[in-house]
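Trainee: Here's a structure for you.
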Amino acid sequence: MTGELDFWREAMRQGMGQTAFLRALGGELVEFTNGRGRMRLPFAPHLVGDPATGVIHGGVLTAMLDQACGMAIGSALRAPTMMATLDLRIDYMKPAAPHTDILVESQCLKIAHDVAFARAVAFQTTPDEPVAIATGTFMLSPVEAKA
Amino acid sequence: MRDIDALLAAIPYCAWLGLGARVEDGALILDMPFDAKLVGNPVLPALHGGVTGSLLETAAIAQILWETGAKAMPRTIDITIDYLRTGRALTSHARAHIVRQGRRVVSARAEMWQEDAAKPVASFRGHFLVG
Numbered sequence: 001m002t003g004e005l006d007f008w009r010e011a012m013r014q015g016m017g018q019t020a021f022l023r024a025l026g027g028e029l030v031e032f033t034n035g036r037g038r039m040r041l042p043f044a045p046h047l048v049g050d051p052a053t054g055v056i057h058g059g060v061l062t063a064m065l066d067q068a069c070g071m072a073i074g075s076a077l078r079a080p081t082m083m084a085t086l087d088l089r090i091d092y093m094k095p096a097a098p099h100t101d102i103l104v105e106s107q108c109l110k111i112a113h114d115v116a117f118a119r120a121v122a123f124q125t126t127p128d129e130p131v132a133i134a135t136g137t138f139m140l141s142p143v144e145a146k147a
Numbered sequence: 001m002r003d004i005d006a007l008l009a010a011i012p013y014c015a016w017l018g019l020g021a022r023v024e025d026g027a028l029i030l031d032m033p034f035d036a037k038l039v040g041n042p043v044l045p046a047l048h049g050g051v052t053g054s055l056l057e058t059a060a061i062a063q064i065l066w067e068t069g070a071k072a073m074p075r076t077i078d079i080t081i082d083y084l085r086t087g088r089a090l091t092s093h094a095r096a097h098i099v100r101q102g103r104r105v106v107s108a109r110a111e112m113w114q115e116d117a118a119k120p121v122a123s124f125r126g127h128f129l130v131g
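In structure tokens form, the structure reads like this:
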């Protein structure tokens, strides 16, 4: 039972966590346990959305926040489950400073039968000075056990 | 009207995503070819939610630049994305429209689809600071 759960958590960390897109962005999972977690994205030239200022594209933050919300939920689930984002709301508090890493902290707020709720904050100094905050809702589908 | 395709090519993140723009029946449409790096769920495989969000936000920004002729890049205030269907390993398209243009803020909506425009993959609304 515990072994199965550990296996799924590991798969979650390596498979769902290490998505191709996160790797391509250059993002890293720092830690996810029991419904909370942290990710990091080092600054890179291919993330820039405004060449005049060097500020990274909002879509980069969307990707980090989406995945951080999903991972927080994943780390809180007690059974193997597939997740799909249902909706995501993002408020951009201030432009991200160029040439500076982005950190994201996320928290699972509630796991219901079919849906789960999470929030995340992206920042560069402390979470009290957010670059962007997100609220996400995810659909849950149980993974059938294979014989 | 501005050459949005050239503008996208000059934005590093948009060029990296492979975004292109064209005008069809008087509407600006963004295209994003599938690429293995865009995957968020390797089992299906499905596009990462952040890829869908990136295409939609870019479509809204491109529409604002195209329609208003704004010189500076619009700054995103907030966005909401509804994910309606799985984004599959196919070319994606997006189209945006301005709902209201104020002096400082533009309210825009956008939709993304793949093979069938009547079956959107995601819909988007957002507010942008201009000027």
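The listed protein sequences derive, respectively, from chains F and R.
Numbering-wise, the first sequence is residues 1 to 147 according to my numbering.
Numbering-wise, the second sequence is residues 1 to 131 according to my numbering.
We put the beta carbon where it would ideally sit given N, CA and C, even for glycine.
1) Going by beta carbon distance, what residues of the same chain come within less than 8 Å of F/G70, once the five residues before and after it are set aside?
2) Below 8 Å between beta carbons is the criterion; list the residues of the stretch 70-90 of chain R that meet it against any residue of chain C, in chain order.
3) Taking Cβ positions only, does F/T19 come closer than 8 Å to chain R?
4) Would F/A72 pass as a contact of F/F43 if the rule is Cβ separation under 8 Å?
5) By DSSP's criteria, F/G136 is part of a beta bridge. Which residues make up the other side?
6) Any Cβ of chain R within less than 8 Å of the Cβ of F/A147?
7) Please report how far the alpha carbon of F/A76 lies from the alpha carbon of F/E105, in whole angstroms.
8) Could you spell out where the alpha helix (DSSP H) holding R/M73 opens and where it closes?
9) Using DSSP bridges, identify the partner residues of F/P130.
10) Our contact map puts R/V213 next to R/R85 with C-beta atoms below 8 Å; I'd like the distance itself, whole angstroms only.
11) Pair every Cβ in the stretch 8-24 of chain R with every Cβ in the stretch 107-116 of chain F, then say whether three or more of these pairs are closer than 8 Å.
12) CA-CA distance, R/R109 and R/A59?
13) Applying a beta-carbon distance threshold of less than 8 Å, which residues of chain R neighbour F/V48?
14) Tell me the rounded alpha-carbon separation between F/P130 and R/A36.
15) Does any CB atom of chain R fall closer than 8 Å to the CB of F/G26?
16) Can you find a C-beta in chain R that's less than 8 Å from the C-beta of F/L140?
17) Thinking just about the alpha-carbon of each residue, which of F/T126, F/G59 and F/G74 is nearest to the one in F/Y92?
18) DSSP three-state label for R/G20, please.
19) I'd like the span of the beta strand (DSSP E) that includes R/I29, first residue to last.
20) Could you give the residue range of the alpha helix (DSSP H) that holds F/F21?
21) Can you list, in chain order, the stretches of the alpha helix (DSSP H) that have 4 or more residues and sit fully within the stretch 36-90 of chain F?
Mentor: Checking against the coordinates, here is how it stands:
1) M16, M83, T85, A118, G136 and F138
2) The displayed structure is made up of protein chains F and R, and chain C is not among them.
3) yes
4) Result no, Cβ atoms of F/A72 and F/F43 do not sit closer than 8 Å.
5) F/L88 and F/A118
6) At F/A147 the pLDDT is 44, less than 50, meaning the model places this residue with poor confidence; the figure from the coordinates comes in the next sentence. Cβ-Cβ to chain R under 8 Å: no for F/A147.
7) For F/A76 and F/E105, the distance between alpha carbons rounds to 15 Å.
8) Segment: none, R/M73 is in no alpha helix (DSSP H) and carries neither H nor E.
9) F/F123
10) This structure cannot speak to residue 213 of chain R, because chain R is shown only from 1 to 131.
11) no
12) Within the model, the alpha-carbon separation for R/R109 versus R/A59 is close to 9 Å.
13) I11, P12 and Y13
14) About 31 Å.
15) For F/G26, the nearest beta carbon of chain R is not closer than 8 Å to its own beta carbon.
16) no
17) Among F/T126, F/G59 and F/G74, the Cα nearest to that of F/Y92 belongs to F/G59.
18) strand
19) Segment A27 to M32, the beta strand (DSSP E) holding R/I29.
20) Looking at the DSSP string, the run of the alpha helix (DSSP H) that includes F/F21 is A20 to L25.
21) 58-76
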